[in-house]
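Novice:
Number of protein chains: 2
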Amino acid sequence: MSARASRGIVVSLMGLGFGAGHAAADEGMWLLTRPPVEQLEARYGFKPSKEWLEHIRRSCVSMGASASLVSRDGLVMTNHHVGRRQLEKLSTAERNLLETGFVARTRAEELECPDMEVNVLWEITDVTERVMSSAPPDMDAAAANTARQKAIAAITKEAEESTGLNCRVVTLYHGGQHHLYCYKQYTEVRLVMAPEGDIAHFGGDTDNFEYPRFCLDMCFFRIYENGKPLITDDYLRWSPKGASDGELIFAAGNPGRTQRLYTVDHLKFLRDVSHPDGLASLWRREVQLLSFTARGLENARIAAGDLMGVQNGRKARTGMLAGLLDPAVLDAKVADEKKLRAAVAANPDYRAKWGGAWDELASALNSYRGWHRRYAALEGRMASGGSRLFSIGRQLVRLAAELPKPNGDRLREYRDSSLDSLYRRLYSSAPIYDDLEINRLESAFSHVAETFGADDPLTTKILAGKSPRDRAVELVRGTKLADVAVRKELAEGGTAAIAASTDPMIRLTYDLDPEARALRKRDEDELEGVEEEAYAKIGAARFAVLGDNVYPDATGSLRLAYGAVRGYEQDARKVPAFTTVAGLYDRYKEREGADPFKLPRSWLDRKDKLDPGTPVNFVCTADIVGGNSGSPVVNRKGEVVGLIFDGNLETLVWNTIYTDKQARAVAVDSRVIIESLRKIYDADHLADELLGE
Amino acid sequence: MSARASRGIVVSLMGLGFGAGHAAADEGMWLLTRPPVEQLEARYGFKPSKEWLEHIRRSCVSMGASASLVSRDGLVMTNHHVGRRQLEKLSTAERNLLETGFVARTRAEELECPDMEVNVLWEITDVTERVMSSAPPDMDAAAANTARQKAIAAITKEAEESTGLNCRVVTLYHGGQHHLYCYKQYTEVRLVMAPEGDIAHFGGDTDNFEYPRFCLDMCFFRIYENGKPLITDDYLRWSPKGASDGELIFAAGNPGRTQRLYTVDHLKFLRDVSHPDGLASLWRREVQLLSFTARGLENARIAAGDLMGVQNGRKARTGMLAGLLDPAVLDAKVADEKKLRAAVAANPDYRAKWGGAWDELASALNSYRGWHRRYAALEGRMASGGSRLFSIGRQLVRLAAELPKPNGDRLREYRDSSLDSLYRRLYSSAPIYDDLEINRLESAFSHVAETFGADDPLTTKILAGKSPRDRAVELVRGTKLADVAVRKELAEGGTAAIAASTDPMIRLTYDLDPEARALRKRDEDELEGVEEEAYAKIGAARFAVLGDNVYPDATGSLRLAYGAVRGYEQDARKVPAFTTVAGLYDRYKEREGADPFKLPRSWLDRKDKLDPGTPVNFVCTADIVGGNSGSPVVNRKGEVVGLIFDGNLETLVWNTIYTDKQARAVAVDSRVIIESLRKIYDADHLADELLGE
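Note that the protein sequences, when read in sequence, are chains A and B. Sequential numbering from 136 applies to the first sequence in the numbering used here. Sequential numbering from 136 applies to the second sequence in the numbering used here.
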């Protein structure tokens with residue numbers, strides 16, 4: 136991270152807002168059912184209508200991260216880095232779409248994606264009452280959590296049966312509210328256009344989370360229904376002129392997870408345990424993947440996605456941890472919590488109902504310190520390193536065990552409402568690379584040995600008397616799970632097939648399952664259960680003391696952020712809001728075109744065709760985090776003016792607290808999208824489709 | 136690490152040797168006072184004379200790692216990667232010797248090194264009796280260790296006064312013997328020749344510890360005395376024809392640390408605690424340094440040495456840990472230890488004297504698990520990240536505190552025998568780069584916070600209410616210790632000057648000193664003391680049961696290894712012993728000259744001048760480890776045929792156990808040295824000097 140002015144002053148000012156939940160400046164990831172009407176009116180004189188909000192909601196889609204419908208014929212726009220896993224799956228050693236890019240010249244050339252889902256949020260219902268009343272107040276936290284989970288399973292199943300939509304209950308305010316979200320799901324999706332990787336992520340890891348920036352981080356897919364493009368009126372129109380400096384804009388998407396309402400103890404847990412542990416894993420894996428990719432071009436191709444994910448996660452977590460290690464950030468949180476707790480303590484009724492919540496949570500977190508690594512090993516990636524084969528093995532083992540149970544008693548990812556997606560991934564024909572699988576497993580197995588010691592029963596169970604590498608080779612060469620037909624056979628054969636299987640990956644995941652499940656149970660009972668109850672109380676206290684104009688922390692579901700296109704000042708220099716095509720070529724020249732500042736052939740050959748003044752990227756104050764990648768940026772008319780793909784380094788503290796002195800969301804400008812489609816990619820047909828021509 | 140045949144079989148065969156200390160094959164890092172006479176005679180029909188050994192001893196020098204005198208006029212040969220810290224210190228943004236290489240066309244052009252020492256081992260005396268008798272048998276381990284340390288200080292001081300040489304006591308067999316080594320020290324050293332970095336470490340981290348290999352990892356210095364080149368007869372002659380396949384060779388140098396005599400518990404401590412911890416630090420730092428160097432060319436230049444060191448350490452430790460996680464390795468150790476302990480248990484006298492040693496050591500190591508990280512933080516690099524300014528601050532603080540004490544009571548690095556070297560480093564004019572210092576300290580401070588939590592008193596003392604970055608900036612910008620005159624003033628001012636100093640780096644290192652010293656004391660009392668006593672007993676037991684034809688573990692002092700030039704088989708392919716100039720250009724072509732497989736201009740322009748059949752690197756079975764870099768490889772006549780610079784991946788297990796199925800030391804061939812001096816570098820004068828022409 137380069138030298139920056141200290142964030143201290145910025146954050147102290149924010150502290151005056153009394154609680155991050157109380158929006159100051161352009162803060163907030165708002166529910167579309169509870170938009171920031173007062174703030175928009177007061178700050179920008181804008182009042183979104185019900186229709187405006189509904190149109191945004193039905194045009195913005197979820198596909199892991201964020202995306203939007205941008206044409207009448209079902210064209211979907213997202214980031215290149217959001218679509219890249221599909222690009223990988225459509226690539227081979229001979230046809231590397233990540234390197235060459237792709238443009239379908241006709242609809243017939245559009246490439247079918249092997250396992251993609253696009254979800255449109257169709258209906259929202261508040262089910263808080265029904266979920267909460269399923270657990271009487273005198274129940275202990277673990278039993279109450281189980282009761283709520285059963286209620287959620289029942290609500291979801293009923294809704295799916297009555298609507299025919301894909302439904303899930305989203306828990307808001309870490310347990311304060313529960314909303315039923317029902318989605319229209321599309322699974323016939325084709326790739327339409329992707330630029331070359333070198334221009335999509337120009338500047339690579341070096342410029343990631345930085346600004347000024349010059350990335351064409353875009354990618355287009357098309358939704359099909361029964362072999363025909365989806366025809367819809369729920370799509371965003373394209374702004375003919377783009378955004379201007381200072382203009383009000385909105386970003387609608389699916390921010391992943393924030394911790395703005397966390398207690399101070401919970402933030403300290405992140406700071407002292409969770410982030411350091413997470414970073415240690417990422418550093419480790421980044422170095423191993425760099426070594427793996429340096430061994431040859433095919434290695435580099437097949438591991439590029441893993442590497443990019445790890446580097447992005449590392450840079451993000453580094454910034455988040457740095458934020459929590461900045462005393463100004465935590466001091467503001469401490470001051471806010473102190474005020475809220477004092478207000479609760481001063482009111483006997485409040486104190487009786489909510490006063491104990493902070494300590495209950497602290498005690499649960501404290502106990503969690505003792506077993507969180509083991510839980511991560513067995514239920515997280517630590518024991519699998521992201522291995523596809525391991526994950527398939529575990530899914531088969533658990534499917535067999537879960538399916539015979541009543542829906543509400545199952546692990547949540549095996550409930551009826553999740554099965555379609557699960558089978559789609561499980562039976563995906565996406566390629567599995569032995570060398571990468573071996574590398575992932577060797578790394579994961581060694582990680583377990585390093586963490587728990589080689590004599591720990593977990594390690595000896597995993598290694599089975601072999602070295603990490605020999606064991607990884609044995610499993611990958613020995614398993615038949617790369618074959619989709621074998622997976623189907625095992626899935627259909629249920630418990631009997633699993634019990635009889637001699638497949639080494641089935642046997643390993645089966646053997647690990649009892650301890651993994653025990654820790655999963657412990658997590659749900661002792662952590663999640665306590666967390667939800669404590670935050671429900673803290674949330675109620677916050678509403679009572681401070682009013683309820685509070686947005687919930689991000690939950691990976693649709694939110695609306697707003698703000699202005701606006702530059703900032705850094706080290707006494709002005710950083711303008713927009714970058715241009717001319718600036719892109721300057722940056723290329725300055726870094727002598729060395730990786731990761733290479734430009735693809737097309738951009739070198741056609742430089743003179745481009746208008747050098749075309750805006751490439753811009754920054755705005757909209758409140759976004761990881762998961763917002765691919766969010767459309769729209770103007771007051773709801774027209775597309777950009778495409779969110781990143782935030783600068785200063786936004787990394789946004790997971791905990793919003794500041795707008797220097798922190799900015801970064802977007803691709805709608806004008807460079809049209810300019811490059813026409814002049815670099817000879818794709819007038821797509822530009823015309825976007826512009827509705 | 137690429138796919139390899141399992142090492143299992145190899146190691147099991149070694150197990151038959153009953154203990155790693157019992158040389159099988161070409162095993163052993165032998166004391167020059169106790170050479171492997173029987174083995175050499177039996178295996179190769181060679182009997183080294185006393186003169187042969189003495190000549191080797193006085194021609195081989197220590198300069199951190201290994202080196203040798205190779206001309207009558209004081210020319211010293213070592214590896215480029217051993218000399219690179221001096222090359223860095225002689226470089227600036229405008230004159231980057233690591234990139235361009237350097238050739239002095241005349242003696243007058245030779246460049247004076249700012250702070251270099253070359254040591255020639257002149258005399259060796261066994262002082263075991265005197266050291267051991269200083270601690271009566273009934274003393275507890277801590278007091279005994281203190282007594283031995285005092286005896287060692289007295290012996291060293293006496294020897295220095297009587298001989299005028301630089302002396303130190305080397306503790307062998309982890310406490311079993313103590314030898315007094317007296318060195319002739321030269322401090323006037325000039326740089327004569329270094330090739331470009333791209334050919335010196337061709338293949339970079341990717342090919343590090345690999346074979347086949349194509350590196351010109353060499354570098355030449357010259358010793359001066361009073362402004363004139365050293366004239367000596369103690370130098371190695373150059374072989375006119377180089378080595379041939381199968382030929383007996385020797386490598387004489389200073390292997391750093393091995394653990395071949397470690398108990399199983401001690402190895403498990405390495406496997407489960409020390410290596411995982413060390414690797415975690417290295418992964419972390421490698422990623423941070425890669426980010427730092429990616430920000431610009433000058434960053435890349437100033438951090439290149441740190442990065443190369445970290446990458447080398449990471450690859451080495453990865454291999455060592457992989458070795459310990461290979462059950463075959465540990466099984467062999469367990470079996471050997473079981474036999475030895477059974478033999479001790481079966482003899483009442485042995486049992487009484489030595490039987491408790493294993494458990495005493497295990498118990499000390501077990502307790503060490505609880506505080507080793509804190510010790511590493513305060514006495515190792517964790518709290519300083521390798522910062523020069525931090526290290527200078529600590530040295531000044533400790534100098535002031537230690538110098539007034541009697542010699543024998545001081546921390547060992549502040550005893551009279553160490554002061555010359557200490558002052559040389561402390562007053563070195565080598566450049567200190569603010570940006571790199573800030574990066575090192577920010578990283579180190581964050582590491583402490585991640586390890587102990589941000590609320591730990593150690594963390595709060597270090598951070599002083601600031602974020603890691605702000606604190607690092609404050610210290611680096613605020614301290615005056617980059618100025619050598621300021622250092623001298625503080626060193627000469629003693630305790631009063633330190634107490635009065637407001638320099639922030641002095642204040643920080645001063646404040647950290649009490650806890651650091653307490654942990655240092657604990658380490659000496661509870662770990663080192665117990666270790667030495669336990670290993671003295673285990674060593675005695677080993678000698679009694681198995682005879683004393685056992686070489687001690689490496690201690691960073693002069694050893695003689697022997698073996699044959701010999702290729703090996705891998706994945707059913709023959710790997711020949713020698714690589715050639717033609718192979719170098721093939722490898723360059725195969726990797727399209729992409730970094731780290733670039734070649735310097737000189738090697739591209741003059742390709743046609745070179746004899747493509749010239750051997751570049753070769754492998755041999757000589758038993759070496761880290762620290763042996765720069766060791767000359769000599770033939771029976773004591774003539775130079777090569778220059779050790781690496782081992783292949785399979786040697787990484789050599790820290791624990793020697794195998795020779797695939798594991799090989801890697802050397803630069805003497806012929807490519809002459810060939811490149813003449814045809815690439817126009818340095819006939821140096822080639823002639825080496826050949827004595």
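Even glycine gets a Cβ: it sits at the ideal position worked out from N, Cα and C. All of these numbers come straight from a predicted model, not from anything done at the bench.
Between which residues of its own chain and Leu812 of chain B is the CB-CB distance below 6 Å, once the five residues before and five after are set aside?
Specialist: Working through the second sequence from its first residue, we reach residue 812 of chain B at position 677. Ala818, Leu821, Ala822, listed in sequence order.
Novice: For the 8 Å Cβ check, are there 3 or more pairs between the stretch 689-706 of chain A and the stretch 789-800 of chain A?
Specialist: yes
Novice: Tell me where the alpha helix (DSSP H) around Glu264 of chain B begins and ends.
Specialist: On the second sequence, position 129 is the one that residue 264 of chain B refers to. Where Glu264 of chain B is concerned, the enclosing alpha helix (DSSP H) stretches over 263-268.
Novice: Determine whether the Cβ of Asp407 of chain B lies closer than 7 Å to any Cβ atom of chain A.
Specialist: Reading the second sequence from its first residue, position 272 is the one you call residue 407 of chain B. Cβ-Cβ to chain A under 7 Å: yes for Asp407 of chain B.
Novice: Taking the Cβ atom as the reference point for each residue, do Arg348 of chain B and Val801 of chain B lie within a distance shorter than 7 Å?
Specialist: Stepping through the second sequence from its first residue, residue 348 of chain B is reached at position 213. Stepping through the second sequence from its first residue, residue 801 of chain B is reached at position 666. Yes, they are a contact pair.
Novice: Going along the chain, which residues of its own chain have a beta-carbon closer than 8 Å to the beta-carbon of Leu598 of chain B, five neighbours each way excluded?
Specialist: Here residue 598 of chain B is taken as the residue at index 463 of the second sequence, counted from 1. Contacts found: Phe580, Ala584, Ala589, Arg606.
Novice: At a Cβ cut of 8 Å, what residues of the stretch 600-630 of chain B count as close to chain A, listed as they run along the chain?
Specialist: Only Gly600, Lys601, Ser602, Pro603, Arg604, Asp605, Val608 from the stretch 600-630 of chain B bring a Cβ to less than 8 Å from some Cβ of chain A.
Novice: Check this for me: beta carbons of Ser184 of chain B and Val776 of chain B, under 7 Å apart or not?
Specialist: Here residue 184 of chain B refers to the residue found at position 49 of the second sequence. Here residue 776 of chain B refers to the residue found at position 641 of the second sequence. It is not a contact, given that the beta carbons lie outside the stated cut-off.
Novice: Does DSSP put Thr281 of chain B in a helix, a strand or coil?
Specialist: Here residue 281 of chain B refers to the residue found at position 146 of the second sequence. Of the three classes helix, strand and coil, the one that applies to Thr281 of chain B here is helix, per DSSP.
Novice: Where Trp165 of chain A and Pro171 of chain A are concerned, what is the direct C-alpha to C-alpha distance, given to the nearest angstrom?
Specialist: Within the first sequence, numbered from 1, the residue matching residue 165 of chain A stands at position 30. Within the first sequence, numbered from 1, the residue matching residue 171 of chain A stands at position 36. One C-alpha to the other measures close to 7 Å.
Novice: Using beta-carbon positions only, say whether Glu514 of chain A and Arg655 of chain A come within less than 7 Å of one another.
Specialist: Here residue 514 of chain A refers to the residue found at position 379 when the first sequence is read from its first residue. Here residue 655 of chain A refers to the residue found at position 520 when the first sequence is read from its first residue. It is a contact, given that the beta carbons lie within the stated cut-off.
Novice: Using DSSP with H/G/I as helix, E/B as strand and the rest coil, what is Trp187 of chain A?
Specialist: Against the first sequence, residue 187 of chain A aligns to sequence position 52. It is helical.
Novice: Restricting to Cα atoms, I'd like to know which of B:Asp368, B:Lys319, B:Ser226, B:Ser692 is closest to Glu186 of chain B.
Specialist: Working through the second sequence from its first residue, we reach residue 186 of chain B at position 51. Of B:Asp368, B:Lys319, B:Ser226, B:Ser692, the residue nearest in Cα terms is B:Asp368.
Novice: Would Gly674 of chain A pass as a contact of Ala276 of chain A if the rule is Cβ separation under 7 Å?
Specialist: For the purposes of this step, residue 674 of chain A is taken as residue 539 along the first sequence, with counting starting at 1. For the purposes of this step, residue 276 of chain A is taken as residue 141 along the first sequence, with counting starting at 1. It is not a contact, given that the beta carbons lie outside the stated cut-off.
Novice: Would you list, in chain order, the members of the stretch 334-358 of chain A that have their beta-carbon closer than 9 Å to a beta-carbon of chain B?
Specialist: For the stretch 334-358 of chain A, residues whose beta-carbon sits nearer than 9 Å to a beta-carbon of chain B comprise Gly339, Asp340, Thr341.
Novice: Could you tell me whether the stretch 341-357 of chain B touches the stretch 740-749 of chain B, where touching means 3 or more Cβ pairs closer than 8 Å?
Specialist: no
Novice: Beta-carbon separation of Phe753 of chain B and Val716 of chain B under 7 Å?
Specialist: Translated into the one-based positions of the second sequence, residue 753 of chain B becomes position 618. Translated into the one-based positions of the second sequence, residue 716 of chain B becomes position 581. No; because the gap between Cβ atoms is not below 7 Å, this pair is not in contact.
Novice: Between Ala335 of chain B and Leu222 of chain B, is the Cβ-Cβ spacing less than 7 Å?
Specialist: Within the second sequence, the letter at position 200 stands for residue 335 of chain B. Within the second sequence, the letter at position 87 stands for residue 222 of chain B. In this structure, Leu222 of chain B does not lie closer than 7 Å to Ala335 of chain B by Cβ.
Novice: Take the Cβ of Pro541 of chain A as the centre, count every other Cβ of all protein chains shown within 10 Å, and call the residue buried at 16 or more, exposed below.
Specialist: Here residue 541 of chain A refers to the residue found at position 406 of the first sequence. Flag for Pro541 of chain A reads exposed.
Novice: Give a yes or no on whether the C-beta atoms belonging to Leu233 of chain B and Gly311 of chain B are separated by under 7 Å.
Specialist: Position 98 of the second sequence, counted from the start, is the residue given in the question as residue 233 of chain B. Position 176 of the second sequence, counted from the start, is the residue given in the question as residue 311 of chain B. No, these two residues do not count as a Cβ contact at 7 Å.
Novice: Under the DSSP definition of a beta bridge, which residues are partnered with Lys709 of chain A?
Specialist: Along the first sequence, read from residue 1 onward, the residue named residue 709 of chain A stands at position 574. In DSSP, Lys709 of chain A forms a bridge with A:Glu704.
Novice: Inspect the CB distances between the stretch 629-642 of chain B and the stretch 456-469 of chain B and report whether three or more fall short of 8 Å.
Specialist: no
Novice: Which chain A residues sit within Cβ distance under 7 Å of Trp418 of chain B?
Specialist: Position 283 of the second sequence, counting from 1, holds the residue named residue 418 of chain B. Simply Trp418, Arg419, Val422.
Novice: From B:Cys195, B:Gly180, B:Asp648, pick the residue whose C-alpha is nearest to that of Ile779 of chain B; which is it?
Specialist: Within the second sequence, numbered from 1, the residue matching residue 779 of chain B stands at position 644. Minimum Cα distance to Ile779 of chain B is reached at B:Cys195.
Novice: Among residues of its own chain, excluding the 5 on either side of Leu202 of chain A, which ones have a beta-carbon nearer than 6 Å to its beta-carbon?
Specialist: Numbered from its first residue, the first sequence carries residue 202 of chain A at position 67. In the sequence on display, residue 202 of chain A carries Ala and not Leu. Here the set comprises Val196, Val211, Thr213, Gly765.
Novice: When you compare only the Cα positions, how much space is there between Tyr359 of chain B and Thr393 of chain B?
Specialist: On the second sequence, position 224 is the one that residue 359 of chain B refers to. On the second sequence, position 258 is the one that residue 393 of chain B refers to. Take the alpha-carbon of Tyr359 of chain B and the one of Thr393 of chain B: they are about 34 Å apart.
Novice: Could you check whether Ile567 of chain A and Arg523 of chain A sit closer than 7 Å to each other, using their CB atoms as the reference points?
Specialist: Position 388 of the first sequence holds residue 523 of chain A. Position 432 of the first sequence holds residue 567 of chain A. Yes; because the gap between Cβ atoms is below 7 Å, this pair is in contact.
Novice: Using a cut-off of 7 Å between C-beta atoms, extract the partners of Asp461 of chain A located in chain C.
Specialist: Given the protein chain composition of this structure (A and B), no chain C is represented.
Novice: Flag this pair as yes or no: are the beta carbons of Gly762 of chain A and Ala200 of chain A separated by less than 7 Å?
Specialist: Locating residue 762 of chain A in the first sequence gives position 627, where the first residue counts as 1. Locating residue 200 of chain A in the first sequence gives position 65, where the first residue counts as 1. Yes, the Cβ-Cβ distance between Gly762 of chain A and Ala200 of chain A is below 7 Å.
Novice: Using alpha carbons as the reference points, say which of A:Leu371, A:Arg169, A:Ala438 lies closest to Gly209 of chain A.
Specialist: Counting from 1 along the first sequence, the entry for residue 209 of chain A is found at position 74. Cα-wise, what sits closest to Gly209 of chain A is A:Leu371.
Novice: Check whether chain B comes within 7 Å of Leu812 of chain A, counting only Cβ atoms and requiring the distance to be less than that.
Specialist: Locating residue 812 of chain A in the first sequence gives position 677, counting from the first residue. No, its Cβ sits nowhere closer than 7 Å to a Cβ of chain B.
Novice: For the stretch 186-236 of chain A, list the beta strand (DSSP E) runs that are entirely contained and at least 3 residues long, ordered along the chain.
Specialist: 195-198, 200-204, 210-213
Novice: Using a Cβ-Cβ cut-off of 7 Å, state whether Gly413 of chain B counts as contacting chain A.
Specialist: To locate residue 413 of chain B, count along the second sequence from 1; it is residue 278. It does not; no Cβ of chain A falls within 7 Å.
Novice: From the DSSP output, in three-state form, read off Lys596 of chain B for me.
Specialist: Residue mapping note: residue 596 of chain B aligns to position 461 of the second sequence, counting from 1. DSSP places Lys596 of chain B in helix when its eight states are reduced to three.
Novice: Name the chain A residues whose beta carbon is nearer than 8 Å to that of Ala457 of chain B?
Specialist: Numbered from its first residue, the second sequence carries residue 457 of chain B at position 322. In chain order: Ser581, Ser602, Pro603, Arg604.
Novice: I need the boundaries of the alpha helix (DSSP H) containing His401 of chain B, first residue and last residue.
Specialist: Your numbering for residue 401 of chain B matches position 266 in the second sequence. Unbroken alpha helix (DSSP H) run through His401 of chain B: 399-404.
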